[in-house]
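K.L.:
Each residue of the sequence shown is one higher than the one before, counting from 887 in my numbering.
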Amino acid sequence: MRVKLLAAAVACASLAACNGWKSGQANSAQGNISKDNRPPATAKASVVTNATVTNSMVMLAVPLPKGRALQVMHVRHEGMEAIGDANKALHRALGSSDIPTIRANASKIAQLSQQASTWFPAGTGPNVGKTRAKPDIWQNAEDFAAKLRSFQTAARAFQLAAAGNNIAAMNARFAQLGGTCKACPDKYRAEESH
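Right, dumping it as C-alpha cells:
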C-alpha cells in the first residue's frame, strides 16, 4: 500500500511540475485517497504504469465518488469545448495570418492538452453521468494514453511553430495537430444523441 501511495505522490508531483494539477488539487486528491474507508485489499489507491507516469496521466483503479466524478466530467467537457473553440479560432486566424490570435490559441491548446491528462480517471464514463466518452477509453487505456501523448506532442510543436513568423510552417503543424486531435474522438467519443 505504501508503494502505491508513493507512486501516486510521485505522479502528483509530476503533474504539478508540468502545470497539470495545481497543488491544491493534488492535496485534495491525496486527501481523498487517505480517507478511503474500505479494506486495503479492495481500496487500491491508484495504478500508475510507466507509460502513464511519462505522460503525467494517473488513471485511478477505483472509481471516483459520484460527486467528484461529475465535477471531473464537467471540467473535461468544458476543456474539450475550449479546445474546439481554439481550433476554430486558429482556422480563421491562419487564413488571415493573424499572428497574435494564432499564438494565443496555440498556447491555449498546448496548455489544455496537458490538462487533459487529468480528465479521464476511472468512474467518469457514461455509467456515471451524461458524457460522450466511450467506455473503450478505460478498456484500452494504453492506446488512449498514446493518442493523448501524440496530441500533446503535436500541440507543443504547433505552439513552437506559432512562436515564429512562418505561416506555411504553422499551417503544416496545424494540419498535424488536427490529425492527432481528431484521433481520440474518432475512436473514443460516442455520436451526439439529440
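The C-beta atom is built at its ideal place from N, Cα and C for all residues, glycine as well.
Who are the near neighbours of Trp1024 in its chain, counting only those whose CB is closer than 6 Å to its CB and skipping five residues on each side?
P.N.:
Ala1008
K.L.:
By the three-class DSSP mapping on this structure, what secondary structure does Arg1059 have?
P.N.:
helix
K.L.:
When DSSP labels each residue in this structure, what does Arg1075 get in the three-state scheme?
P.N.:
Residue state, collapsed to three classes: strand.
K.L.:
Between Trp1075 and Lys1020, how many whole angstroms is the CB-CB distance? I'm expecting something under 8 Å.
P.N.:
Sequence inspection shows Arg at residue 1075; the Trp mentioned does not correspond to that position. Contact flag correct, Cβ pair sits at about 7 Å.
K.L.:
Ordered along the chain, which non-local residues of its own chain (more than five positions away) have a Cβ less than 8 Å from that of Glu1078?
P.N.:
These residues qualify, in order along the chain: Arg1018.
K.L.:
Under the DSSP definition of a beta bridge, which residues are partnered with Ala1019?
P.N.:
Arg1075
K.L.:
Please go through the same chain and pick out, in chain order, the residues whose beta-carbon is closer than 6 Å to the beta-carbon of Asn991, but skip the five residues on each side of it.
P.N.:
Ala972, Ala975, Leu976
K.L.:
If you follow the alpha helix (DSSP H) that Val958 is in, where does it begin and where does it stop?
P.N.:
952-982
K.L.:
Which of helix, strand or coil does DSSP assign to Ala1027?
P.N.:
helix
K.L.:
Can you find a CB in chain C that lies within less than 8 Å of the CB of Cys1070?
P.N.:
Protein chain content of the structure displayed is limited to a single chain, and chain C is not contained in it.
K.L.:
Considering Thr1004, what are the terminal residues of the alpha helix (DSSP H) in which it resides?
P.N.:
Run containing Thr1004: none; DSSP gives neither H nor E here.
K.L.:
Do you know offhand how far Val1014's Cα is from Gly1065's?
P.N.:
Spanning the two alpha carbons is a distance of roughly 30 Å.
K.L.:
If you run the structure through DSSP and keep just helix, strand and coil, what is Thr1066?
P.N.:
helix
K.L.:
I'd like the list of long-range same chain contacts for Ala1061, defined as Cβ closer than 6 Å, with 5 residues on each side in sequence excluded.
P.N.:
A distance below 6 Å between beta-carbons, with the five flanking residues on each side excluded, links Ala1061 to no residue of its chain.
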